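Below is one structure, written out as structure tokens; comments come after it.
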Amino acid sequence: MRVLIIEDDLDIAGNLYEFLEGRGNVVDLARDGVTGMHLAVSGDFDAIVLDLGLPGVDGLGLCRKLRREAMQDVPVLILTARDLLDDKLAAFDSGADDYLVKPFALREVEARLNALVARRRGRVVNKRLRYEAIEYDPDKLAVTVDGRSVHLSRKCLRLLEMLIASPHRVFTRAELERELWGDEHPQSDSLRSHMHMLRRALTDVRGNAPIETVHGVGYRFAVIDGRQA
Ligand code: CA
Numbered sequence: 076m077r078v079l080i081i082e083d084d085l086d087i088a089g090n091l092y093e094f095l096e097g098r099g100n101v102v103d104l105a106r107d108g109v110t111g112m113h114l115a116v117s118g119d120f121d122a123i124v125l126d127l128g129l130p131g132v133d134g135l136g137l138c139r140k141l142r143r144e145a146m147q148d149v150p151v152l153i154l155t156a157r158d159l160l161d162d163k164l165a166a167f168d169s170g171a172d173d174y175l176v177k178p179f180a181l182r183e184v185e186a187r188l189n190a191l192v193a194r195r196r197g198r199v200v201n202k203r204l205r206y207e208a209i210e211y212d213p214d215k216l217a218v219t220v221d222g223r224s225v226h227l228s229r230k231c232l233r234l235l236e237m238l239i240a241s242p243h244r245v246f247t248r249a250e251l252e253r254e255l256w257g258d259e260h261p262q263s264d265s266l267r268s269h270m271h272m273l274r275r276a277l278t279d280v281r282g283n284a285p286i287e288t289v290h291g292v293g294y295r296f297a298v299i300d301g302r303q304a
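As structure tokens, this is what we get:
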């Protein structure tokens, strides 16, 4: 990300600059409020780290101008020695997004900046897959049905992973068998018995499991009314 540091303390500014740049960010530095404001309104930054006590325009004034006059919504993290509640409230009132009191850990600055930037981009990633009552978390290999966790064998998990990622698509038996057993030839009813186990595990409180048998072809994930197909 591109970060603008507005800080007049040379040591703090230098440490921040070095750390953030070393972590792969593009960093710019302003050592007074006027220069800071000038750079900030350019709109080239993903986030701004802002000191409150600055020569020229102070941090609060800068933040307020940035929001109200320049109409910039770039995330602003305040970094300051002022730790009174009133100072914090004034900062948020001026349009700051977050507030960290000196002394601080550099890694915490980075973590907070990352969170601010991710939130702004709407990139808070939720990789979990959901279909009706069923939720699958591929990172944890965890499955829940109506919020209750369900244990599945590796092969059943693999089946669920394929089906839930492409609801309504029909998967042929050959395709599913190849995915589960590769070139080995499974026994003729292996797929059917795994599908049976999967269906049973995924059955919700109303007695439905969203796996439909497409006769003579294969299976698909689909809403099923009443009893299982
Ligand atoms: Ca200062």
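Residue numbering for the sequence shown follows the numbering used here, beginning at 76 and increasing consecutively.
A virtual CB, placed ideally from N, CA and C, is assigned to each residue, including glycine.
Please read all numbers here as calculations on a predicted model, not as lab measurements.
Paired residues, beta bridge with residue i - DSSP
i: S268; result: DSSP lists no partner for S268.
i: Y174; result: I153
i: V245; result: In DSSP, V245 forms no bridge with anything.
i: L125; result: I81, I153
i: T219; result: E210, S224
i: F167; result: None, per the DSSP bridge assignment.
i: G233; result: Reading off the sequence, residue 233 comes out as Arg, not Gly. Beta-bridge pairing links R233 to no other residue.
i: R293; result: The residue you asked about is not Arg; residue 293 is Gly in the sequence shown. Answer is T247, V289.
i: R205; result: E210
Where the alpha helix (DSSP H) containing residue i begins and where it ends
i: V116; result: Run containing V116: none; DSSP gives neither H nor E here.
i: R248; result: 248 to 256
i: D93; result: Per the sequence shown, residue 93 should be read as Glu rather than Asp. From DSSP, the alpha helix (DSSP H) with E93 extends over 85 to 97.
Three-state secondary structure assigned by DSSP to residue i
i: Q303; result: Because Q303 sits at a pLDDT of 42, beneath the cut-off of 50, its placement in the model cannot be relied upon, and the point is left open.
i: V199; result: Annotation note: pLDDT 46 at V199 (below 50); position unreliable, coordinate value reported separately. V199 falls in the coil class under three-state DSSP.
i: D148; result: coil
i: G136; result: helix
i: D214; result: coil
i: E287; result: strand
i: R281; result: coil
i: D103; result: strand
i: L159; result: coil
i: G131; result: coil
i: E185; result: helix
i: V109; result: helix
i: V298; result: coil
Endpoints, beta strand (DSSP E) assigned at residue i
i: R223; result: 223 to 225
i: F179; result: Here F179 belongs to no beta strand (DSSP E), and DSSP marks it neither H nor E.
Residue i: CB within 7 angstroms of a non-hydrogen atom of ligand 2
i: L127; result: As far as ligands go, the structure on display features ligand 1 and does not contain ligand 2.
task = Specify which residues have a beta carbon nearer than 5 angstroms to any heavy atom of ligand 1, listing them in chain order.
result = D83, D126, G128
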